[in-house]
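Just remember that full-length UniProt numbering sits 231 ahead of the position in the sequence shown, which is counted from 1.
Where a beta carbon is used, it is the ideal one built from N, C-alpha and C, also for glycine.
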Amino acid sequence: RTEYAERKVESVCPFCGVGCQTELSVKEGKIIQVEGRKGPANRGKLCIKGRFGYDYVLSPERLTRPLIRREDAPKDARARLSFDRLHEVFREATWQEALEKASGGLKTIIDRDGGGALAGFGSAKGTNEEAYLFQKLVRQGFGTNNVDHCTRLCHASSVAALMEGVGSGAVSAPFTDAEKSDCIIIIGARPEQNHPVAATYFKQAAKNGATLIVMDPRRQRLMRHATHGVVFEPGRDVALLNAMIHTIIEEGLTDEQYIQAHTSGFEALKEKVKGFTPEEMAPICGVAADEIRTIARAFARAERGIIFWGMGISQHVHGTDNSRCLIALALITGHVGRPGTGLHPLRGQNNVQGASDAGLIPMFYPDYKSVENPELIARYEDAWGRPLDHARGLTVVEIMHAIHDGEIKGMYVQGENPAMSDPDQHHARAALASLEHLVVQDIFFTETAWHADVILPASSQAEKLGTYTNSNRQVQLGRPVLDPPGEARQDWELIVAIANGLGCNWTYADVPDVYAEMAALMPSLANISWERIAREGAVTYPAPAPDAPGKEVIFETGFPTDDGRARIVPTDLVPPDELPDAEFPLVLTTGRMLEHWHTGAMTRTSHALNAQEPEPVVSMHPRDIGRMGFTRGQQVTVETRRGDITLTLRADRDVTEGMLFIPFCFREAPANFLTNPSLDPFGKIPEFKFAAARIRAA
Ligand code: SF4
């Protein structure tokens, strides 16, 4: 179809953190085809979402006019509004009226209660420039650090462990380095579903002779390509990983030279893991002692070993401990700082790395600089011309609690959907519904928008210019393909308008102007100008010079910590927050699926993708289905201590016996009505991956 295109535009995929480069063909105001370009991450490849999921852009359900809640439409925490019923609750407004009401409501709260009574959620689907502006608005305009985004539900615990251990929250090597590795560990991740193009490198590496170890509480197709497919008990990662570390130390397979030269804390680790013998851990983690020893030896003896992980590691009350184990495993074997080695938490949203780098988190300014550091506070107060909050802000789940406690009274939510993504949805939706003032900026009438006072129609990724940073630290340019529909406007312009409504007096000329200010404050973006990104298509940070390639592998000679050493942190066994019992005998885990992305706001409106997976399902092992007297395809109700949902029962041998799996993308049966909001104490991430549950016929 490309020969019929009127024009072609080079951009990047709007879905996952792989960051595939795309070429979009446009005709008569429509995207008619998307093809993969030869970007550094994808080399011409795209998955089903990137290739066929673009029609969400022209969905008839796009928001096209500013909306204001009708005065006679009270907020209802139990609201289940469809797009068709939007006008029962909201009326169309002019931009002037909507923006005045949006910023006016926020200002009323600031003047009465102070900026600490406000909070903002920015977006990991937006550009780096939007993320930078949004966190600046909350810090400068609101006067608080209560700003966060979906990284809190994704890799916050990984970042906490990485910052503590190696002094940087980003990956140490790209996923393409799997090609240079002899031994690849993938744990708590399902790249074939969630990072499909990255998965191709893992399969090719295995085909070319690398040892591929895939470890997960659910079986997965990638295990067919693996040398070792290790299915372990959910929530018992530390038992398994400490037993591997125990084996490596006991059998003298550590890299002593590396440990001496580059790490601290090894003696404490050695002491701690003495009690974690494979024999003692086998009944806890469900993996035979021999198998634990085999995979530990394979990783330690490899010339180059690399570790990839996902939310199966991070979304636990012990998520930071899980990541600490992986960091220790890499450090004691010297598998860091060389090509084909390293630590790589696979990032979720297409710009969750960039949004985090740009400071969309409550404890850090851009580039992970502490908001509690007096020198930095002074620097940013100088740069932004206003006194700033000196304390770290609240995180996503803490903000919901603070709303219930009456501390947070107003919010601005740009491009996130906490009414689907937060745990314990009854609690989260009741919080949103009780806000005095909620401004939602989005492209769709999301579940969060149901509770808004003002809805600002914004731009999809295909309608905006800006930079995105993928899982590999590659900064890439997204270019506009179409104009926003109706009266919808650019996100960055709306953030500026809200800021100016609060008296910030921002005067950015365009998106490159925002990038220039952001890059000047971020050492990570040194030598990476807007022009360079546009010219080269992708630039990896850090880049040593304007004309030198960015460094794909970091930590070659040391770590960005106070003493230049990596810190090994021993861990204990911490059980999941809520164990199965007689009342709730099953383990519920949640996650994504190949066809749908996160809360489904985009992919559920894509005909091509939604036709593949059109209805909410709960997956269960066929033996459990038979044992409990169900039939596949019947309607069942799944219940936890937080609530219940009704959906279709699917037989799936990937799900181990005693377990249920529900994707969290279906608004008809939101999985997060069921999930446990208990937090990891370091990363403040909820335990999405483990809840005690029961099931009955509907
Ligand atoms: Fe898009 Fe990720 Fe698929 Fe690539 S792998 S096409 S970035 S969803």
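Residue i: CB within 8 Å of a non-hydrogen atom of ligand 1
i, result
"residue 282", "yes"
"residue 427", "yes"
"residue 248", "yes"
"residue 277", "yes"
"residue 581", "yes"
"residue 758", "no"
"residue 896", "no"
"residue 273", "yes"
"residue 556", "no"
"residue 396", "no"
"residue 326", "no"
"residue 709", "no"
"residue 267", "yes"
"residue 244", "yes"
"residue 381", "no"
"residue 251", "yes"
"residue 681", "no"
"residue 723", "no"
"residue 761", "no"
"residue 828", "yes"
Candidates the options: closest to residue i by CA position
i, options, result
"residue 674", "361, 554, 576 and 296", "296"
"residue 616", "341, 371 and 267", "371"
"residue 507", "469, 534, 494 and 747", "469"
"residue 459", "444, 708, 627 and 450", "444"
"residue 522", "586, 446 and 484", "446"
"residue 713", "287, 270 and 276", "287"
"residue 611", "683, 644 and 376", "376"
"residue 250", "524, 407 and 557", "407"
"residue 536", "513, 573 and 546", "573"
"residue 273", "863, 639, 405 and 852", "405"
"residue 344", "374, 353 and 315", "374"
"residue 797", "726, 640, 557 and 607", "557"
"residue 316", "482, 292 and 528", "292"
"residue 812", "924, 763 and 790", "924"
"residue 452", "728, 434, 499 and 332", "434"
"residue 481", "528, 488 and 518", "528"
"residue 741", "727, 890, 751 and 891", "727"
"residue 312", "921, 903, 899 and 908", "899"
"residue 836", "280, 271 and 755", "280"
"residue 526", "497, 499, 545 and 462", "462"
"residue 365", "731, 841 and 902", "731"
Euclidean distance between Cα positions of residue i and residue j
i, j, result
"residue 748", "residue 393", "27 Å"
"residue 266", "residue 236", "13 Å"
"residue 305", "residue 666", "12 Å"
"residue 635", "residue 334", "23 Å"
"residue 832", "residue 283", "16 Å"
"residue 533", "residue 916", "33 Å"
"residue 426", "residue 552", "24 Å"
"residue 848", "residue 422", "20 Å"
"residue 645", "residue 590", "15 Å"
"residue 586", "residue 510", "43 Å"
"residue 861", "residue 928", "7 Å"
"residue 441", "residue 859", "42 Å"
"residue 680", "residue 671", "6 Å"
"residue 254", "residue 262", "10 Å"
"residue 515", "residue 846", "35 Å"
"residue 912", "residue 379", "16 Å"
"residue 792", "residue 771", "21 Å"
"residue 690", "residue 647", "13 Å"
"residue 768", "residue 302", "49 Å"
"residue 750", "residue 696", "16 Å"
"residue 353", "residue 723", "11 Å"
"residue 869", "residue 701", "36 Å"
Problem set entry | Contact the stretch 358–367 vs the stretch 579–591: 3+ CB pairs below 8 Å | The stretch 358–367 is in contact with the stretch 579–591.
Exercise. At a cut of 8 Å, does the stretch 558–571 reach the stretch 590–600 through at least three beta carbon pairs?
Worked result: In short, these stretches do not touch, since the Cβ pair count stays below three.
For this session: State whether the stretch 280–300 contacts the stretch 322–329, with contact taken as three or more CB pairs (one from each stretch) at a distance under 8 Å.
Result: They touch, by the three-pair rule.
For this session: Count the CB pairs spanning the stretch 471–478 and the stretch 488–506 that are closer than 8 Å, and state whether there are at least three.
Result: These segments touch.
For this session: Would you check if there are 3 or more beta carbon pairs closer than 8 Å linking the stretch 703–719 to the stretch 241–249?
Result: Contact between the stretch 703–719 and the stretch 241–249 is present, because at least three Cβ pairs lie under 8 Å.
For this session: Please confirm if the stretch 652–663 is in contact with the stretch 857–877, defined as three or more CB-CB distances below 8 Å between the two stretches.
Result: Two segments are said to touch when three or more pairs of C-beta atoms, one from each, lie closer than 8 Å; by this definition the stretch 652–663 touches the stretch 857–877.
For this session: Would you check if the stretch 381–398 and the stretch 758–772 touch, i.e. whether three or more CB-CB distances between them fall below 8 Å?
Result: No, the stretch 758–772 does not touch the stretch 381–398.
Exercise. Do the stretch 880–891 and the stretch 794–808 touch if we need at least three Cβ pairs shorter than 8 Å?
Worked result: Contact fails: fewer than three Cβ-Cβ distances are below 8 Å.
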